[in-house]
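Per the UniProt record's numbering, residue 1 is the first one in the sequence shown, and the count goes up by one each step. Cβ atoms here follow ideal geometry from the backbone N, Cα and C, with glycine treated the same way.
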Amino acid sequence: MIYTLTLNPAIDRIVETETFNLGITNKVLNEYEVLGGKGINVSVMLKNLGCETAVLGWMGQDSKLEFLKYLTAKNINSNFVEVSGKVRVNLKIKNLTTKQETELNGLGFQVSQPDVTKIIEVVKTNVKANDCLIISGSVPQGCPRDLYAMIAKHCAENNIMFVVDSTKEILLLTLSYHPFLIKPNLEELNELFQTNYQFKEEKNIINLGQRLITMGAQNVLISNGKEGSILVTDKNIYQVNSAHGQLVNSVGAGDSMVAGFIGTYLKHHAFDQALVYSASAGAATAFTKGIAENTEVKKLLGQIKINVIK
Numbered sequence: 001m002i003y004t005l006t007l008n009p010a011i012d013r014i015v016e017t018e019t020f021n022l023g024i025t026n027k028v029l030n031e032y033e034v035l036g037g038k039g040i041n042v043s044v045m046l047k048n049l050g051c052e053t054a055v056l057g058w059m060g061q062d063s064k065l066e067f068l069k070y071l072t073a074k075n076i077n078s079n080f081v082e083v084s085g086k087v088r089v090n091l092k093i094k095n096l097t098t099k100q101e102t103e104l105n106g107l108g109f110q111v112s113q114p115d116v117t118k119i120i121e122v123v124k125t126n127v128k129a130n131d132c133l134i135i136s137g138s139v140p141q142g143c144p145r146d147l148y149a150m151i152a153k154h155c156a157e158n159n160i161m162f163v164v165d166s167t168k169e170i171l172l173l174t175l176s177y178h179p180f181l182i183k184p185n186l187e188e189l190n191e192l193f194q195t196n197y198q199f200k201e202e203k204n205i206i207n208l209g210q211r212l213i214t215m216g217a218q219n220v221l222i223s224n225g226k227e228g229s230i231l232v233t234d235k236n237i238y239q240v241n242s243a244h245g246q247l248v249n250s251v252g253a254g255d256s257m258v259a260g261f262i263g264t265y266l267k268h269h270a271f272d273q274a275l276v277y278s279a280s281a282g283a284a285t286a287f288t289k290g291i292a293e294n295t296e297v298k299k300l301l302g303q304i305k306i307n308v309i310k
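Following this line, the structure appears as structure tokens:
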């Protein structure tokens, strides 16, 4: 079973404009909402790809019914620890003329120590040896910065494969427990090392990936949208292109990459196949309003090429 952990679920409100300028009134052409949070997005894509998955996490009481309805419709089981309040609302402003996206991420609910104790217990009760746990996203207000590290320690001690897709010190604190995969995008990678590399500076990007391997990660998947991705392992380096298509909404694209990679790797135990599905799933989601269906992913498989550069 592949479990996902979402500690900071969200409602992504996407607003499309022809132009977007600060300090004046801007006209909205279209708007829609997508329920999610990174782990939830991963589970939706996993389910679409035919994998067994379940969602764990915190959930605001005022938003629970909406999320349960969404997951039930997807035939995805969940086990949430309820906390008071609503989930955060993230505003994504998409300028259709410049193709730029501006994000304003909300605060959402706040958690307390009893909530922390409960979520750790939910993980320990549900996730067992030989399962996989994908730990994704940010943490809410009140959450200790080392909670992911505590969960990673439990996984490492109980033969549970785990993946971490988060940022900054929250990610770094998990590395000593050797996550099977971490997936920083280029912006997050630069933030980790206080650098400012472009994706075309391949040697520098690979060097940072290798540093993360030295720090404890088993495999590092670095992505940068239409420029593709690079997988750094302890033995090889893989370069992956991105499929061609019209960007509709980038929300969930990185999460779909994680789902495509892990879901395929657990079936075939081959990095090249995992990378093809990872790139296809990420692109397919970027080309649609929500998380892409399996049929949309399969249409892009033939566009993906893998280059082993070491």
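- Each of 309, 14, 18 and 180 was checked against the Cα of residue 93, and the nearest Cα belongs to 14.
- Spanning the alpha carbons of residue 175 and residue 191 requires a straight line of approximately 16 Å.
- If you draw a 10 Å sphere on the C-beta of residue 38, you find 16 or more other C-beta atoms in it, and that means buried.
- According to DSSP, residue pairing for residue 41 in a beta bridge does not occur.
- Taking residue 40 as the centre and dropping the five residues before and after it, the same chain places the C-beta of 4, 6, 9, 55, 57, 67 and 71 closer than 8 Å to its C-beta, in chain order.
- Rounded to the nearest angstrom, the Cβ distance from residue 42 to residue 251 is 13 Å, too far for a contact under 8 Å.
- For residue 149, the enclosing alpha helix (DSSP H) starts and ends at 147–157.
- In the structure shown, the three-state DSSP call for residue 10 is strand.
- Under the 8 Å Cβ criterion, the segment 159–177 counts as touching the segment 125–138, having at least three qualifying pairs.
- DSSP places residue 92 in the strand class (E or B) of the three-state scheme.
- Burial of residue 300 is indicated by the presence of at least 16 other C-beta atoms within 10 angstroms of its C-beta.
- Counting only unbroken stretches of 4 or more residues, the alpha helix (DSSP H) elements lying wholly within the segment 221–308 are 253–268, 271–286 and 294–300, in sequence order.
- Look at residue 204 here: in three-state DSSP terms it is helix.
- With contacts defined as CB atoms closer than 8 Å, residue 85 and residue 62 qualify as a contacting pair.
- Under the three-state reduction of DSSP output, residue 116 falls in the helix class.
- Within a 10 Å sphere around the beta-carbon of residue 142 sit fewer than 16 other beta-carbons, which makes this residue exposed.
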